[in-house]
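See below for the structure under consideration.
Residue numbers (full-length UniProt numbering): 1 to 94.
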């Protein structure tokens, strides 16, 4: 599917949600000519992100069905984020 060019129809299909597809169609149909490419590019990015997320989800489900931990290679950033928040609070920024 990634080999196919991005079209209005493909974006609508990839979004996978009729309400979201209607929102896209409404924006693309109301966009002035000089903004068409910008609107299209924004929604193309949304569609690509949606497709990538769905593929990751399918991969995780597949891993889990084989008894693997789908999140085994994830980096847990909790400690780093909490330390950064403490550092910022200590400076009185929060």
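Just so it is clear, CB atoms sit at the ideal spot from N, CA and C, and this is done for glycine as well.
Are the segment 67-86 and the segment 31-44 in contact at 8 Å, needing three or more beta carbon pairs?
Contact fails: fewer than three Cβ-Cβ distances are below 8 Å.
Below 6 Å CB to CB, which residues in the same chain sit around residue 6 once its five sequence neighbours on both sides are set aside?
Numbered from 1 along the chain shown, position 6 holds the residue referred to as residue 6. The residues are 44.
Whole angstroms is fine: what's the gap from residue 76's alpha carbon to residue 9's?
Within the chain shown, residue 76 is the residue found at index 76, counting from 1. Within the chain shown, residue 9 is the residue found at index 9, counting from 1. Taking the straight line joining both Cα atoms gives about 38 Å.
Check the C-beta distance from residue 50 over to residue 15 and give it rounded, since I have them as a contact under 8 Å.
Along the chain shown, one-based indexing puts residue 50 at 50. Along the chain shown, one-based indexing puts residue 15 at 15. Sure, about 6 Å apart at Cβ, within 8 Å.
Determine the direct distance from the alpha carbon of residue 90 to that of residue 95, and round the result to whole angstroms.
Look at the range of the chain in this structure, 1 to 94, and you will see that residue 95 is not part of it.
Span of the alpha helix (DSSP H) holding residue 43?
By 1-based counting over the chain shown, the position of residue 43 is 43. Where residue 43 is concerned, the enclosing alpha helix (DSSP H) stretches over 36-65.
Excluding sequence positions up to five away, which residues of its chain have a Cβ less than 6 Å from the Cβ of residue 23?
Start at 1 with the first residue of the chain shown, and residue 23 comes out as number 23. None.
Please state whether DSSP places residue 16 in a helix, a strand or coil.
Taking the chain shown and counting its residues from 1, the one referred to as residue 16 is at position 16. Residue 16 falls in the coil class under three-state DSSP.
Since residue 11 contacts residue 52 with CB under 8 Å, what's their CB separation in whole angstroms?
What you label residue 11 is simply residue 11 of the chain shown in a count that begins at 1. What you label residue 52 is simply residue 52 of the chain shown in a count that begins at 1. The Cβ separation is near 14 Å, so there is no contact.
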